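Undergrad:
There are 2 protein chains.
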Amino acid sequence: MQKFSFTLKTTDGNARRGEVQTAHGAIQTPAFMPVGTCATVKAMKNDDVKKSGAEIILGNTYHLMLRPGADLIAELGGLHQFMNWDKPILTDSGGFQVMSLAGIRKITDNGAEFSSHIDGTKYLLTPEYSMEIQHKLGSDITMIFDECIAYPASEEDARKAMLRSLAWAKRSKDAFIKRDGYGLFGIVQGVVYENLRKESALGLIDIGFDGYAIGGLAVGEGQDLMFQTLDFTTPFLPKDKPRYLMGVGKPADIIGAVARGVDMFDCVIPTRSGRNGQAFVKGGTINIKNAQYKNDVKPLEENCSCTACKDHSRAYLHHLVKSNEILGAMLMTEHNIFYYQNLMKEIRTAIEAKRFDKMNPDEY
Amino acid sequence: MQKFSFTLKTTDGNARRGEVQTAHGAIQTPAFMPVGTCATVKAMKNDDVKKSGAEIILGNTYHLMLRPGADLIAELGGLHQFMNWDKPILTDSGGFQVMSLAGIRKITDNGAEFSSHIDGTKYLLTPEYSMEIQHKLGSDITMIFDECIAYPASEEDARKAMLRSLAWAKRSKDAFIKRDGYGLFGIVQGVVYENLRKESALGLIDIGFDGYAIGGLAVGEGQDLMFQTLDFTTPFLPKDKPRYLMGVGKPADIIGAVARGVDMFDCVIPTRSGRNGQAFVKGGTINIKNAQYKNDVKPLEENCSCTACKDHSRAYLHHLVKSNEILGAMLMTEHNIFYYQNLMKEIRTAIEAKRFDKMNPDEY
Numbered sequence: 000m001q002k003f004s005f006t007l008k009t010t011d012g013n014a015r016r017g018e019v020q021t022a023h024g025a026i027q028t029p030a031f032m033p034v035g036t037c038a039t040v041k042a043m044k045n046d047d048v049k050k051s052g053a054e055i056i057l058g059n060t061y062h063l064m065l066r067p068g069a070d071l072i073a074e075l076g077g078l079h080q081f082m083n084w085d086k087p088i089l090t091d092s093g094g095f096q097v098m099s100l101a102g103i104r105k106i107t108d109n110g111a112e113f114s115s116h117i118d119g120t121k122y123l124l125t126p127e128y129s130m131e132i133q134h135k136l137g138s139d140i141t142m143i144f145d146e147c148i149a150y151p152a153s154e155e156d157a158r159k160a161m162l163r164s165l166a167w168a169k170r171s172k173d174a175f176i177k178r179d180g181y182g183l184f185g186i187v188q189g190v191v192y193e194n195l196r197k198e199s200a201l202g203l204i205d206i207g208f209d210g211y212a213i214g215g216l217a218v219g220e221g222q223d224l225m226f227q228t229l230d231f232t233t234p235f236l237p238k239d240k241p242r243y244l245m246g247v248g249k250p251a252d253i254i255g256a257v258a259r260g261v262d263m264f265d266c267v268i269p270t271r272s273g274r275n276g277q278a279f280v281k282g283g284t285i286n287i288k289n290a291q292y293k294n295d296v297k298p299l300e301e302n303c304s305c306t307a308c309k310d311h312s313r314a315y316l317h318h319l320v321k322s323n324e325i326l327g328a329m330l331m332t333e334h335n336i337f338y339y340q341n342l343m344k345e346i347r348t349a350i351e352a353k354r355f356d357k358m359n360p361d362e363y
Numbered sequence: 000m001q002k003f004s005f006t007l008k009t010t011d012g013n014a015r016r017g018e019v020q021t022a023h024g025a026i027q028t029p030a031f032m033p034v035g036t037c038a039t040v041k042a043m044k045n046d047d048v049k050k051s052g053a054e055i056i057l058g059n060t061y062h063l064m065l066r067p068g069a070d071l072i073a074e075l076g077g078l079h080q081f082m083n084w085d086k087p088i089l090t091d092s093g094g095f096q097v098m099s100l101a102g103i104r105k106i107t108d109n110g111a112e113f114s115s116h117i118d119g120t121k122y123l124l125t126p127e128y129s130m131e132i133q134h135k136l137g138s139d140i141t142m143i144f145d146e147c148i149a150y151p152a153s154e155e156d157a158r159k160a161m162l163r164s165l166a167w168a169k170r171s172k173d174a175f176i177k178r179d180g181y182g183l184f185g186i187v188q189g190v191v192y193e194n195l196r197k198e199s200a201l202g203l204i205d206i207g208f209d210g211y212a213i214g215g216l217a218v219g220e221g222q223d224l225m226f227q228t229l230d231f232t233t234p235f236l237p238k239d240k241p242r243y244l245m246g247v248g249k250p251a252d253i254i255g256a257v258a259r260g261v262d263m264f265d266c267v268i269p270t271r272s273g274r275n276g277q278a279f280v281k282g283g284t285i286n287i288k289n290a291q292y293k294n295d296v297k298p299l300e301e302n303c304s305c306t307a308c309k310d311h312s313r314a315y316l317h318h319l320v321k322s323n324e325i326l327g328a329m330l331m332t333e334h335n336i337f338y339y340q341n342l343m344k345e346i347r348t349a350i351e352a353k354r355f356d357k358m359n360p361d362e363y
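Residue numbers (numbering that gives the first Met the number 0), protein chains in the order written: chain A, 0 to 363; chain B, 0 to 363.
Here it is as structure tokens:
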């Protein structure tokens, strides 16, 4: 079995062109991971996700532990087999969803108690339990269980959560069952405080992980503060491991983060926006529900090879989305996922050609 | 341009194996038309509809006149181009939806006044207006505008509606703009009264149409009465024209109607059931939400080539549908449409082989 590894192929400024090897194949970086929360990239068939160029998708421990349950997925052969996705899968640890979605919760040093948003059942999620679930899912990339605090946060609160996350990172590492081709990523916390981010990064490196994520960003701090935080965080991260900025973002956020040395991204924006009628096109976004598109015979984008652009007009998409037709959500989502994957291809090509600084975020 | 025509290739008892030629190609009969109410077969991409073997779909005049409007569709090149479907399309005339969906309505000899179920706008739909709309849509098969009364109905009420429908059939024929490859179908009414069905059929034949539909069935009368009505209605219909039983039905209904000389069918059952988690399989239906499927690794059906069966297990479909995931609606719909088209292929093959009477409705 292929070992889990990261190869840095070339750089252009701080931007990095690399490759992650996993049990289910390689991922070219910088990479965007479509979000498949409940074992499906919403409104897309797997074949279309693959056609977009996506080489890895993200699943959610929180959602999958509640429904259908990790034991059932394990019984059915793991998440890859359950959803028939044979490429790499990264699962987040549940920390973020416990804070953002679950009901009444209590965080102690032991873990997070919460109630399911589906049926109210009470759960206690600990680092050890999160590792066990992700092991049962069979994730190629497991994320440590961390505490995600709301933004803004005082430095004192941010330090407490960061230190607890570090302790949980150690427990996650101890509980993680190592297998060839499967990796465990640490998550740097510390809100927007440089000293905390440094302490978190160095603490994680001391424990030792296969990759390092930057968490707690894209939670309302704005792009400037996010970029500043990346500017003082990524220099602490090892050059020979992949770096993953969690939950980011819009195309301009991704380009800016790649310029600051980030390799991997995930975000619900392309899928959620698609279901709401927003399409990403060069130079910005368009809301297909706007009346101006009702007789627009152009495709969403010229030269895009997704079904929406290849087969249909903006006028037709306008009609479908206005009529709440499922096909509208399907086609808009597919376009956005293609758009994001095309963006990542352009980024990778630009880094290889040493012209990444020519990519203007305003044009995407 | 190919003339609109019907060729009866062979028969087996009363069952007929034929071919309809239209401006957009041929339809092998007996045929099932997936319903594409609002210019989309709900939750399916056109390529998948085609892969199922469907050679014609149905659009709804009522829905399309309200949104996006017939003039807009005409401006955009007609319904085929609007939705990028290059095979035949049949549109119903709006008569049935005016009765079943629209708001406050008044029926006079002139036509039907109703309020849009979308925004309350008032409309007057007449035979002439229905023909104009269907012409603008560019339907390969236009249906006459008829009055559909609720079931049950007294013979007196049934006669009044049938006579009004006959008068509207004449006006529809007069208003229909004849073009090569495009046909107009009459609709036999008369509820379950033999004398009325006969009078309606003979009246329509006297006017002369390219095909004859049987309307006003599958509205609550039950399969026995529906079959009895077909038994005394189809003998009045010309052998050299296609016969279309509107809004039917379940597989056993279709097999029974083919045995009584019907050539064409449409029904929302496969698509609507699919969105509700019901799958058609040999021998009956299964509700994929039932707990028994939660760890069932089998496909919905062995040897089915739809994406749901080819790529996924019942357990995965159970999870998707229970989680209200759009992919659940997509896969279940695709399966049902494939199931119906496979059924029609089996029917056609059985008629050709003169063994149609061996098809047991209970097995489908």
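Positions of the beta carbon are idealized from the N, C-alpha and C atoms, including for glycine. Computed from a predicted model, the values in this text were never measured in an experiment.
So the candidates are B:HIS79, B:ASP118, B:SER99, B:GLY93; which of them puts its Cα closest to the Cα of SER138 of chain B?
TA: On the second sequence, position 139 is the one that residue 138 of chain B refers to. Selected option, being the one with the closest Cα: B:HIS79.
Undergrad: Is it buried or exposed for GLU198 of chain A, if we count other Cβ within 10 angstroms and need 16 for buried?
TA: Stepping through the first sequence from its first residue, residue 198 of chain A is reached at position 199. It counts as buried.
Undergrad: List, in chain order, every chain A residue whose beta-carbon is nearer than 7 Å to that of VAL296 of chain B.
TA: In the second sequence, the residue the question calls residue 296 of chain B occupies position 297. The answer, in chain order, is LEU75.
Undergrad: Hey, would you say PHE3 of chain B sits closer than 7 Å to GLY180 of chain B, going by beta carbons?
TA: For the purposes of this step, residue 3 of chain B is identified with residue 4 of the second sequence, where counting begins at 1. For the purposes of this step, residue 180 of chain B is identified with residue 181 of the second sequence, where counting begins at 1. A contact, by the Cβ cut-off of 7 Å.
Undergrad: Using CA coordinates, which residue listed in A:LEU65, A:GLY189, A:GLY93 is at the minimum distance from LEU162 of chain A?
TA: Mapped onto the first sequence, residue 162 of chain A falls at position 163. Among A:LEU65, A:GLY189, A:GLY93, the Cα nearest to that of LEU162 of chain A is on A:GLY189.
Undergrad: Check distances from the C-beta atoms of the segment 80–113 of chain B to those of chain A and list, in chain order, the residues that come in under 9 Å.
TA: If the cut-off is 9 Å between Cβ atoms, the segment 80–113 of chain B has GLN80, PHE81, MET82, ASN83 near chain A.
Undergrad: So, does the CB of LEU326 of chain B fall closer than 7 Å to a CB anywhere in chain A?
TA: Against the second sequence, residue 326 of chain B aligns to sequence position 327. Judged by the 7 Å Cβ criterion, LEU326 of chain B is in contact with chain A.
Undergrad: Can you tell me which residues form a DSSP beta bridge with LYS121 of chain A?
TA: Your numbering for residue 121 of chain A matches position 122 in the first sequence. A:SER114.
Undergrad: Assign LYS353 of chain B to buried or exposed, taking buried as 16 or more other Cβ atoms, counted over all protein chains shown, within 10 Å of its Cβ.
TA: In the second sequence, counting from the first residue as 1, residue 353 of chain B sits at position 354. The residue in question, LYS353 of chain B, is exposed, as its Cβ has fewer than 16 Cβ neighbours within 10 Å.
Undergrad: What residue range does the beta strand (DSSP E) around GLU18 of chain A cover?
TA: As a working note, residue 18 of chain A is residue 19 in the first sequence. Per DSSP, GLU18 of chain A belongs to the beta strand (DSSP E) from 14–21.
Undergrad: For the alpha helix (DSSP H) containing THR306 of chain A, list its first residue and its last residue.
TA: Stepping through the first sequence from its first residue, residue 306 of chain A is reached at position 307. Where THR306 of chain A is concerned, the enclosing alpha helix (DSSP H) stretches over 306–310.
Undergrad: Given a cut-off of 7 Å, decide if ARG242 of chain B and TYR211 of chain B are closer than it, judged by their beta-carbon atoms.
TA: For this step, residue 211 of chain B is matched to residue 212 along the second sequence. For this step, residue 242 of chain B is matched to residue 243 along the second sequence. In this structure, ARG242 of chain B lies closer than 7 Å to TYR211 of chain B by Cβ.
Undergrad: Does the beta carbon of ILE72 of chain A fall short of 6 Å from some heavy atom of the ligand FMN?
TA: Here there are no bound small molecules, and the ligand FMN is not part of this structure.
Undergrad: Go through its chain and collect everything with a Cβ distance to GLU193 of chain A's Cβ below 6 Å, but skip five positions before and after it.
TA: Within the first sequence, numbered from 1, the residue matching residue 193 of chain A stands at position 194. The answer, listed in chain order, is PHE231.
Undergrad: Listed from N- to C-terminal order along the chain, which residues in the segment 304–323 of chain A have their beta-carbon within a distance smaller than 9 Å of any beta-carbon of chain B?
TA: Against chain B - using a Cβ distance shorter than 9 Å - the residues of the segment 304–323 of chain A are THR306, ASP310, HIS311, SER312, ALA314, TYR315, HIS317, HIS318, LEU319, LYS321, SER322.
Undergrad: Give the interface partners of ALA69 of chain B over in chain A, defined as CB-CB distance under 7 Å, in chain order.
TA: If you number the second sequence from 1, residue 69 of chain B lands on position 70. By Cβ distance, chain A contributes nothing, its closest Cβ being about 13 Å from ALA69 of chain B, past 7 Å.
Undergrad: At the level of alpha carbons, what is the spacing between PHE81 of chain B and ALA314 of chain A?
TA: For the purposes of this step, residue 81 of chain B is taken as residue 82 along the second sequence, with counting starting at 1. For the purposes of this step, residue 314 of chain A is taken as residue 315 along the first sequence, with counting starting at 1. Those two C-alpha atoms are separated by around 8 Å.
Undergrad: Would you decide whether GLY102 of chain A is buried or exposed? Buried here means 16 or more other CB atoms lie within 10 Å of its CB.
TA: Looking up residue 102 of chain A in the first sequence gives position 103. Looking at its Cβ environment, which holds fewer than 16 other Cβ atoms inside 10 Å, GLY102 of chain A is exposed.
Undergrad: Taking any Cβ of chain A, which residues in the segment 30–42 of chain B have a Cβ under 7 Å from it, in chain order?
TA: Answer in chain order: CYS37, ALA38, THR39, LYS41, ALA42.
Undergrad: Measure from the C-beta of ARG66 of chain A to each C-beta in chain B and report whether the shortest distance is under 7 Å.
TA: By 1-based counting over the first sequence, the position of residue 66 of chain A is 67. It does: the Cβ of ARG66 of chain A has a partner Cβ on chain B nearer than 7 Å.
Undergrad: Confirm, please, whether the CB-CB distance from ALA168 of chain B to GLY182 of chain B is below 7 Å.
TA: Here the question's residue 182 of chain B lines up with position 183 in the second sequence. Here the question's residue 168 of chain B lines up with position 169 in the second sequence. Cβ distance not < 7 Å, so GLY182 of chain B and ALA168 of chain B don't count as in contact.
Undergrad: Excluding the 5 residues preceding and the 5 following MET358 of chain A in the sequence, name in chain order all residues of the same chain whose CB lies nearer than 8 Å to its CB.
TA: Locating residue 358 of chain A in the first sequence gives position 359, counting from the first residue. Closer than 8 Å at Cβ, skipping near neighbours: ILE254, GLU345, ILE346, ALA349.
Undergrad: May I ask you to report which of helix, strand or coil DSSP gives TYR292 of chain A?
TA: Along the first sequence, read from residue 1 onward, the residue named residue 292 of chain A stands at position 293. Note: TYR292 of chain A maps to helix in three-state DSSP.
Undergrad: Specify whether the segment 302–310 of chain A and the segment 55–73 of chain A touch according to this definition: at least 3 beta carbon pairs, one from each stretch, less than 8 Å apart.
TA: Not touching, per the Cβ criterion.
Undergrad: Considering just the uninterrupted stretch of the alpha helix (DSSP H) at PHE337 of chain B, what are its terminal residues?
TA: As a first step, residue 337 of chain B is located in the second sequence; it is residue number 338 there, counting from the start. Residues 325–351.
Undergrad: Is the segment 28–48 of chain B close to the segment 325–344 of chain B, with three or more CB pairs under 8 Å?
TA: Enough Cβ pairs lie closer than 8 Å, so yes.
Undergrad: So ILE132 of chain A and LEU65 of chain A are in contact, right, with Cβ under 8 Å, and what is the actual spacing, rounded?
TA: Stepping through the first sequence from its first residue, residue 132 of chain A is reached at position 133. Stepping through the first sequence from its first residue, residue 65 of chain A is reached at position 66. That pair is no contact at about 11 Å.
Undergrad: Only counting runs of 4 or more residues, tell me where the alpha helix (DSSP H) segments fall wholly within the segment 26–111 of chain A, in order along the chain.
TA: Those alpha helix (DSSP H) runs which fall completely within the segment 26–111 of chain A and span 4+ residues are 45–50, 60–65, 69–74, 78–82, 94–99.
Undergrad: ASN45 of chain B touches chain A at which residues, Cβ-Cβ below 8 Å?
TA: Along the second sequence, one-based indexing puts residue 45 of chain B at 46. Near ASN45 of chain B (Cβ distances below 8 Å), the residues of chain A are ASP310.
Undergrad: If I follow the unbroken beta strand (DSSP E) through MET263 of chain A, where does it start and stop?
TA: Residue mapping note: residue 263 of chain A aligns to position 264 of the first sequence, counting from 1. Looking at the DSSP string, the run of the beta strand (DSSP E) that includes MET263 of chain A is 263–266.
Undergrad: Given that a residue counts as buried once 16 or more other Cβ atoms are within 10 Å of its Cβ, and exposed if not, what is THR36 of chain A?
TA: Indexing the first sequence from 1 puts residue 36 of chain A at position 37. That one is buried.
Undergrad: What span of residues does the beta strand (DSSP E) with VAL320 of chain A cover, start to end?
TA: Counting from 1 along the first sequence, the entry for residue 320 of chain A is found at position 321. Here VAL320 of chain A belongs to no beta strand (DSSP E); instead the alpha helix (DSSP H) covers 313–321.
Undergrad: If contact is defined by three or more beta carbon pairs under 8 Å, each pair taking one atom from either stretch, is the segment 117–131 of chain B in contact with the segment 140–158 of chain B?
TA: Touching, per the Cβ criterion.
Undergrad: Can you tell me the Cα-Cα spacing of LEU57 of chain B and GLY246 of chain B, whole angstroms?
TA: Within the second sequence, the letter at position 58 stands for residue 57 of chain B. Within the second sequence, the letter at position 247 stands for residue 246 of chain B. Taking the straight line joining both Cα atoms gives about 11 Å.
Undergrad: Pop quiz: ASP361 of chain B and ARG15 of chain B are said to be a contact at Cβ under 8 Å. What is the actual Cβ separation, rounded to whole angstroms?
TA: Looking up residue 361 of chain B in the second sequence gives position 362. Looking up residue 15 of chain B in the second sequence gives position 16. The pair is not a contact, with the Cβ atoms about 23 Å apart (cut-off 8 Å).
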